[in-house]
Ligand code: GLN
């Protein structure tokens, strides 16, 4: 289904992607509510491709940890579905694109506390709440899950939570708290709003490199099979990818499907994870964002890479 046009050697292609897309002048922004995301220099740019054959190709700043932010929502959804034999999560959150900003309050009020999808903030708060039933130490369990997929522990150079950043974001997290209180009021949150937002914020504050993020997402390219067994079923992997395609880039999902044509998930730390089913998992990172909260250089680089390689689900 997915073919590599002319099979260009991936290493040199990625080096050229970095040369072409690494920002030369400062454009774009970071969200005012998460000031620490302004710390990485604007010209950081990394890209990594983890293949289903077990190879890793990377270029640029692919070994520098960044804040994964909303990319975490893919992994928490997978963990929640993997632990949810009755599929009961789907009575609490829908699977429709929102067409609104990731932290919008308006739709949640109109739609009686049922979030449109798991990749906008209220949806991810419901997923976090759901996960806390099975794993009371939510965010710490989340890091262990990532470390297992990546094959490196937090004690080494594996995924870790930037606790100062999490505290800082939590202290400024009025909008997420408002969303959580709304959910609670509609009866769609079981744990206290504060506890859910705190766990969610710590999940968002996980630091990983492009190489680690690509590795962590590889199970989605392999029909749900992670490094040491099944993370989710084949059907669930397909469905998570479908939700990434339709909802992974917030209200820029249509534009992303048009330009890149693959399931993807962005975070306001400037990272984007995309999946080429059966082939590979790709992570690109460049910290400055467009007005929808997606990495400016990352979007351009993925459009370019997928055009060069022919990777597509279409
Ligand atoms: N932690 C961020 C927030 O909750 C994540 C948003 C994002 O990456 N889109 O607002």
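Residue numbers (this note's numbering): 705 to 1018.
Beta carbons are placed, not taken as given, at the ideal position from N, Cα and C, and that holds for glycine.
Per the C-alpha coordinates, the member of 840, 1010, 738, 983 positioned closest to residue 869 is 738. Of the candidates 732, 872, 824, 824 places its Cα closest to the Cα of residue 969. About 4 angstroms separates the beta carbon of residue 754 from that of residue 918, a gap short enough to meet the 8 angstroms contact definition. The DSSP-derived three-state label of residue 732 is coil. With a cut-off of 8 angstroms, the C-beta of residue 846 is classified as distant from ligand 1, since no heavy atom of the ligand falls inside that distance. With a 10 Å radius around the Cβ and a threshold of 16 neighbouring Cβ atoms, residue 821 comes out buried.
Beyond the five residues adjoining it in sequence on each side, residue 974 comes within less than 6 angstroms, by CB distance, of 989, 990, 991, 999 in the same chain, given in chain order. Residues 1009, 1012, 1013 of the same chain have their beta carbon placed closer than 8 angstroms to that of residue 717, with the five preceding and five following residues left out of the count. With a cut-off of 8 angstroms on Cβ pairs, the segment 896–905 is not in contact with the segment 744–751, counting fewer than three such pairs. Setting aside the 5 residues that flank it on each side, residue 767 is surrounded in the same chain by 913, 915, each with a C-beta closer than 7 angstroms to its C-beta; the list follows chain order. In the three-state reduction of the DSSP assignment, residue 760 falls in the strand class, which pools E and B.
One thing to note: residue 778 has its Cβ within 9 angstroms of the Cβ of residue 952. Taking C-alpha positions only, residue 958 is separated from residue 950 by approximately 7 angstroms.
Within the same chain, and ignoring the five residues on either side of residue 769 in sequence, the residues whose Cβ sits closer than 7 angstroms to its Cβ are 911, 912, 913.
In this structure, the beta-carbon distance from residue 907 to residue 780 falls below 9 angstroms. Going by C-alpha positions, residue 791 is about 45 angstroms away from residue 730. Residue burial annotation: residue 878 is exposed, with fewer than 16 other C-beta atoms found within 10 angstroms of its C-beta. Taking 8 angstroms as the cut-off, the C-beta of residue 905 counts as close to a heavy atom of ligand 1.
Only exposed fits residue 1018, as fewer than 16 other CB atoms lie within 10 angstroms of its CB. Contact check for residue 1002 against residue 979 fails: the beta carbons are separated by 9 angstroms or more. Straight through space, the alpha carbons of residue 727 and residue 763 are spaced by roughly 15 angstroms. Taking residue 835 as the centre and dropping the five residues before and after it, the same chain places the C-beta of 780, 783, 784, 842 closer than 7 angstroms to its C-beta, in chain order.
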